[in-house]
Each structure stands twice: as C-alpha cells, then as structure tokens.
Amino acid sequence: MSVDRTFFNEMLDDAGMSRPAYSKLEDWLNSKPPNFLKKKNREAETIFRRLGITFAVYGSNEATERLIPFDPIPRILSASEWRRLSAGIDQRVRALNAFLHDIYHRQEIIRAGRIPADLIIQNEAFLPEMVGFTPARKVYAHIIGTDLVRVGKDDFYVLEDNTRTPSGVSYMMENRETMMRMFPELFEIHRVAPVEHYPDSLRQTLESVGPDQSKSNQTVVVLTPGIYNSAYFEHAFLADSMGVELVEGRDLFVDEGKVFMRTTRKPKQVDVIYRRIDDAFLDPLTFQPDSMLGVPGLFDAYRAGNVTICNAPGTGIADDKAIYAYVPEIIEFYTGQKPILKNVPTWNCALEDDLAYVLDNLEDIVVKEVHGSGGYGMLIGPTASKRQIADFRKVLEANPSNYIAQPTLALSACPTHVASGVAPRHVDLRPFVLIGDRVRITPGGLTRVALKKGSLVVNSSQGGGTKDTWVLED
Amino acid sequence: MLGRTASSLFWMARYHERAMNIAKLLEVAYRNAIVAHGGQDSMDDWRFALLSSGCAAGYEAKAEEISPKGVISYMVFDKDNPFSVRVCLEAARNNARSVRTSITSELWEAINTTWIEFSDTNPQSITRDRLPEFLSWISQRSHLFRGALLNTILRDDGYFFSQLGNFVERAGNTARVLNTQYWVLLPDNDVIGDGSMERYQWTGILRALSGHRSYRFAYPNAKLSAQNIAEFLILRREMPRSLAHCYEWISGSANDLGLYYGESLPSLKMADKISSELSDTDMSDIYHNGLHDFLSDFIVQNNNFASQLSQDYNFA
C-alpha cells in the first residue's frame, strides 16, 4: 500500500505497516466483507436518531435537528502516547486556572511584563465584575475541552483550550456505547480504557466546589438555555447521567442572596450550577439586560459566596484567541516548567508586522476570528478559491484586530469509512478535563473527523463527524 | 421535582391522548361518510369531527366550506391548528424532550419514533384510501406510548402528573363528543327512535369513544338505546373512556400526589368532589337537570381542576 507522506497517518507507518496500537484493528477490518461497515453505519444512525442524539443547526429552518455523522472505525492512542498527552493537559489546565486567579487579583503576570496589560484589560472576555472575587478552591475553569491536533509521531499541538462551556462529551460517551453494542468482539481483543465514569467524575468535581463544603449534600443542577439549543441533548444527557435536575433560567430564582429552584412544593436551594449558557446571558441584572435565559440576581448570589457557577464567569479570557499565543508564557510563569504540549505559532493581525505577513501569505495559512467558534468565519488558505481569498482579504483589512492567523497544520489522518471503502481522513482530538478537588482527565475524548477528502475542517457544523477514541491500557 | 417538569409530564401525556382522540374522531367521520345513510348530508360527519375536537372555529376561519380533504388536512397535518395531530404529537415530543431526564428511555423512544415517522410522512401521500390505516397507526402509537409509560415509569410524582394529564384530556374529550350531539342521547329518542338515523348516530358516538364493542358486553340485551349509551359513557366505571372512569383515576392520582407530598391541596378536593358527584348521581337525575347543562358544567369543572392543579404545583 502506498502511503501519503504529506500528513501523519495514525494507523500506518511510512512503510505502510500498521502501527502497534492499530495492528489488531487492521486485521479485523481486513477480515470483514466489503459492505460490512456500510451496514453497521446505518445501524448506528438508526440508533442515534431513535435515541434523539442530535444537534441543532442554526440558520436552517427545515430539519433543524441533525445527526452528527458517526464513523465506526475507532481512533486509537497507545498508553504511552496518552501518558504524555495527559501530563501536558494537566499542566496546561492548572496553569490556565492560576492565570485566571491572577488576572482577577494581583495581576502579577502583567506586572512581570510577560503579557501586555491591554490584552487583558481591554479584552471583551475579561469581566471586571470578577475582580477580587475568589471562587471555591480557586478554580475558575472546572470543565475544559482541550483541542489537540497531531502532525507527527510525537508532535501534538494545542489548537484551543475551550475554557467556557466545551461540548461534545455526550458524544464521547454515546460513541463508546454504540461501539460496544455493535462490535463487542473488538473490545474482547483490545484493552480499552473505559470512559463510562465521566458523569460520576463530573458530579464529584462539581460537588467538590460547592460554596459551603461543610454541607454533606450539595444540590447540583445543569442550567440549559432549553430544547432549542444546539447542545440540548448533551445537557439532558449530563443531568440524567449525573442524577441531577436539568433547569432553565425560569426554574431558578434568587431570594436573599441565595439561589432556589421552583419545585412542585417548597423552593429548593441550589449550591452548584453547571451552566451551559454564556456569561452574557447568566444574569440580566449584571450582564445583558434583555436576556431571557438567565436568572436575575444570580451574579450577586455568586459573589456573596452562596452558589458556585461552573465554569466561573469570565473564564473566556483564558481561551481568547489573542491570549492563546501567550499560553506557553503562562505555563512557564505559573508552573516554572516548560510546556509539554506545543502551541501553534500565531500571528496577531492587530499588530502591523504580523498583519503584513498574513496578507502576503493568505494562500498558505489559516485565519480565524478572535471570538469565533465552530468553524464559522474562518479562511483556510490552501483549500480556498482565489475568489474566497480575495473576499476574505477585504474583510480582514477592514477589521484586522478581529483576526489571528496560524500556519496550516498537516492534521494527522485516521482510517475512516467513506463511500469508496476505507480511506484516511483528517482528525483532531478533544480530551475532556475536570478540575475541582483534583484534576480528572477521561482517557481518550472526542475525535472529530473531516469526512470530505483533503478537508481540514472537523467541526460538526461544517459537516465533520466523530469517532470513538480509544486509549489502550498497557 | 421542578414545577416545569411536572407541567411537561402533564402536557406530554395530555397531548398524546389528544392526538389519539382526534384520530378516532376522523376514523368515525371517514367510516360514516362512506356508508350510505338515507338523506343525511354526509358533510355532517366531518362537521361532527370538527366540533367535537374543538377545530370548528379554526377551520371556518380558514376554509369556505367543509370538504373531506380540507378537514383531514386541517385536523391531521395543519401546523397552525392547535388541535391537529401534528401539533399535538410535536408538543408531546417537545414536552418529553424538555424532561428527557425524568422519563425512561423506552418512553422517550416511543414518543420520539412516533414523531420522527409522523414528520417523515408526506401529507400528499395520505390519500383517502390510505387514511384509515394512517389513523389507526396514530392510535397504535398512542397505545404504545401509554404502554411504555405504564410499564416503565417510576410510581412517583412524575407518574401521577402524567396520569392527571392523560385523564383530564380524556374526560374533556368524552364530554365534548357527547355534548356535540347531546340531543341524540335524550330519552325521547328511545321512544320515537331506533330508526336508522339514531342507530347510525349512536354508533358513531360509541366508535369515537372506542366503546362500540364493549357496549354490547356492558348491556346484556345489547340493544342500542340513548339512555344506556349515555350512562355507559358518563357513569359506567368499567368503561375506560367514561367520565366516571376518568375521574376515578384522576382522584386516585390526586390522592397519591397528596400522600406523596404529605399535603392535601385544593385541586385534590376538587377531584374528589367531581368524582363523588359522578358516583352519587344516575341518568334520571342527569336527564332531569338537563343533559346539555350537565355536560357543559362538567367541561367547566374539568378545566377548573386542571388550572387549580397547575396553580397548586407551580406549573411554570
């Protein structure tokens, strides 16, 4: 088999031989009749649809609930690969939490001249309301989804830190369930680290940051914008699997600085809110006044120390795309160690020299909106048409400080089920991290795959799919 | 339990019951319209379906005259008709979805699959010859829903709220169906009647309430009579769609709820009152005071009970 060397192939080495972690999988794949995966794929789709594992797509009226395509071929990481990755993630999330505490208190990192003051103070994601407030255990970002890409055998880059409300963990869980249901024989011949304890870990994490740790029972809730939100399925899934209430803003109210749920009988006090709504919508009294999703007075209750909000308001500054370039600095500053995981070199289009370089090299690089997400509003130079590049150039020149740029990374590729059989497709990886009384990282995470040949965009909103992700135990 | 959750469980069950009742009314209209019946305008059958389901005013605002095609499309598929099967199934599913954590996966799958298959159905494909099959599919799906609910859900407050929604809707439907043609159920018809017209209307009412066969077993001489039919559908507890049966179930669930929360609220007393009124009366009393008044009054009391319940338990 000839191997394309322009990207790292997760399954095959340069000689076309399967890497150790994939050897049993490759044999198994080869032993199956041609239509086997196609049939299994249809089975999986039926299961997903019946269970209602869907996400909503904004901006389309019909069929607003869609399935995220599921690819039945797992992505596999060896135990040693995972050890290194998880050490890197652990280091990174601790540093980011230390950074958040610092910038909302003494701002030592600014005083030390390691990060420009403007970048923080002028940043939209910086919440002055959080200054001087210390959340329980000094943890700000309790739930993080670190986006990683791989470009070589030992070459992993962090693409984004997702310290606000990362989603996708329900797919990690459901993908595993589906795989175990469809291919039990594969699990017999592999030692795959389980992921099923995630909801327990999440609940432990949330309980560990309750405002009053002397309480033996912490009342935890998941706060959702409601059934029309794109990630509603996940909100319901997490509440259900943790065994806690799924609430909307209108189910909560604040009385004498405490937060309560409206129940069929007496109001019940809430200790910890795992919110899946953005900062701006949390509390119409403190933030966006026309928000119908939030709870009036919630922020005051939070600052009074009567409820914990996870993630804390104002954590967005830690995954701001302009701050991103400084994360290696941040890690060194707070941990005194060299970063284990690499950062992608980033040009800040607000800076004149950087902008000039970016404009000269649009064909070769990726340009992203500073506050964008979900793969919207970005340019991928190498795959864009001349026209698209020309159009983007105008947009960029009109508002350069809204953009950052990065070199195009040759994302690694995994064997994937496609119309013509099995072929390599580019993937990324989002492991899920929980930070509370300790750091808990679920082995694996969510692998997103760009189903179109050659495509580097893995976002589900842009037609990407997902894979079950295995970490093999030694 | 959140007040909103209680509300969603109540409405989930209520909407599913409603979808089935609408399908039943259409089944009857369709059936009656195709059998010959001397002299009567066959559009009356469709009008009866519109009136009993509460769709009449909305339909009139939309269409000039009653046509089978128009009624079917309005009562089954119309997105703007709050009483169409489509709107009911979607609302049942949305309510279920918003309390996904409080229902079992069996129940969710029953509701969700119904909705997926219904919304995948092209209205144009439901031609008149396919209608009966499609309507009976809707009924079957409602039975599946109720079966999944009864077989899998925990007997806690959520269960009680779902039962209350189910039977408030059913009681309202039975009362409306009876009230729409109350005059054919007056005792006078037994004296002058038993002609083909009465027989045909009586059968329609029984069929719309799934009592066509069971009536024969409940009344040993099996003879159709206005008084027996009215008694069967209002007072006979063994008839699962009678008012008495519905309120036996409602007061039972309301009592269970009171025990569950250790507190008796005004709605519980209302349910008990309506239930005992139904058991303390007989058809001669009802006829004496007026069947139409009785049914109209019942509909008001049933609605009052539902709103008291939502007030007592903080339905948001």
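Those protein sequences? They're chains A and B, same order as listed.
For the first sequence, the positions run 1 to 474 when this note's numbering is used.
For the second sequence, the positions run 1001 to 1316 when this note's numbering is used.
Glycine is no exception: its CB is placed at the ideal position from the N, C-alpha and C atoms.
Here the structure is a predicted model, which is why all the values come from computation and not from measurement.
Checklist entry - When DSSP labels each residue in this structure, what does valine 367/A get in the three-state scheme? => result strand
Item to check | Inside the segment 371–416 of chain A only - beta strand (DSSP E) runs reaching at least 3 residues | outcome: 403–407
Next on the checklist: Quick check for students: name the residue ranges of the beta strand (DSSP E) that lie wholly in the segment 150–210 of chain A, counting only runs of 3 or more.
Outcome noted: 155–160
Next on the checklist: I want to know whether the segment 1010–1030 of chain B touches the segment 1040–1054 of chain B - three or more CB-CB distances under 8 Å.
Outcome noted: yes
Item to check | Exposure label - glutamine 1201/B; buried when at least 16 CB within 10 Å | outcome: buried
Next on the checklist: By the DSSP assignment, the beta strand (DSSP E) with cysteine 310/A in it spans what residues?
Outcome noted: 308–310
Item to check | Cβ distance (whole Å) where aspartate 147/A is taken to contact aspartate 428/A below 8 Å | outcome: 6 Å
Item to check | Close Cβ partners of arginine 1093/B (< 7 Å) along its chain, the five nearest in sequence each way excluded | outcome: Ile1111, Asn1112 and Trp1115
Next on the checklist: So, does the segment 90–97 of chain A touch the segment 114–128 of chain A, judging by three or more C-beta pairs under 8 Å?
Outcome noted: no
Item to check | Cross-chain neighbours of tyrosine 1261/B in chain A, by beta carbon under 8 Å | outcome: Thr264 and Arg265
Next on the checklist: For valine 1168/B, tell me which candidate among Pro1266/B, Glu1090/B and Gln1301/B has the shortest Cα-Cα distance.
Outcome noted: Gln1301/B
Checklist entry - beta strand (DSSP E) containing phenylalanine 432/A: first to last residue? => result 432–435
Checklist entry - Is DSSP giving isoleucine 1138/B helix, strand or coil here? => result helix
Checklist entry - Tell me, which residues are paired with methionine 261/A by DSSP? => result Leu252/A and Lys268/A
Item to check | Which of helix, strand or coil DSSP assigns to isoleucine 143/A | outcome: strand
Next on the checklist: So within the segment 1021–1095 of chain B, which uninterrupted beta strand (DSSP E) runs reach at least 3 residues, ignoring any that extend past its ends?
Outcome noted: none
Item to check | Inter-residue spacing [alpha-carbon to alpha-carbon] between phenylalanine 233/A and valine 439/A | outcome: 26 Å
Next on the checklist: Quick check on DSSP: helix, strand or coil for arginine 276/A?
Outcome noted: coil
Checklist entry - With distances taken between CB atoms, is the gap from leucine 502/A to arginine 393/A smaller than 8 Å? => result There is no way to answer for residue 502/A, as the model of chain A reaches only from 1 to 474.
Item to check | Segments assigned beta strand (DSSP E), at least 3 residues, entirely inside the segment 100–125 of chain A | outcome: none
Item to check | Pairwise C-alpha distance: serine 461/A and serine 60/A | outcome: The pLDDT assigned to serine 60/A is 43, lower than 50, so where the model puts this residue is not dependable, and the model offers no usable value.
Checklist entry - Can you name, in chain order, every residue of its own chain whose Cβ lies under 6 Å from the Cβ of asparagine 1228/B, other than the five neighbours on each side? => result Tyr1219
Checklist entry - Does the distance from the CB of serine 1275/B to the CB of glutamate 1231/B come in under 8 Å? => result no
Item to check | Extent of the continuous beta strand (DSSP E) run through proline 20/A | outcome: Proline 20/A -> no beta strand (DSSP E), and no H or E assigned at all.
Next on the checklist: I'd like to know whether the C-beta atoms of valine 220/A and glutamate 207/A end up nearer to each other than 8 Å.
Outcome noted: yes
Checklist entry - Alpha carbon to alpha carbon, how far is arginine 1130/B from tyrosine 1074/B? => result 16 Å
Item to check | For glycine 421/A, the nearest candidate out of Pro33/A, Lys24/A, Glu10/A and Val270/A (CA to CA) | outcome: Pro33/A
Checklist entry - Name the chain B residues that come within less than 8 Å of methionine 261/A, Cβ to Cβ? => result Leu1002
Checklist entry - What are the residues that DSSP puts in a beta bridge with alanine 423/A? => result Thr416/A
Item to check | Proximal residues of chain A, C-beta to C-beta of alanine 1316/B below 9 Å | outcome: Glu248, Arg250, Asp251 and Arg262
Next on the checklist: Taking the alpha carbon of serine 1102/B as the reference point, which residue from Gly210/A, Ser241/A, Asn9/A and Phe8/A has its own alpha carbon closest?
Outcome noted: Ser241/A
Item to check | Any C-beta of chain B under 8 Å from that of aspartate 240/A | outcome: yes
Next on the checklist: Less than 8 Å between CB atoms is the rule here; does aspartate 1280/B satisfy it with respect to chain A?
Outcome noted: no
Next on the checklist: Helix, strand or coil for arginine 440/A? Go by DSSP, reduced to three states.
Outcome noted: strand
Checklist entry - What residues from chain A crowd round alanine 1006/B, counting only those whose CB sits closer than 9 Å? => result Thr263 and Thr264
Checklist entry - With distances taken from CA atoms, which of Ala112/A, Ala117/A, Val366/A and Gly463/A is nearest isoleucine 404/A? => result Val366/A
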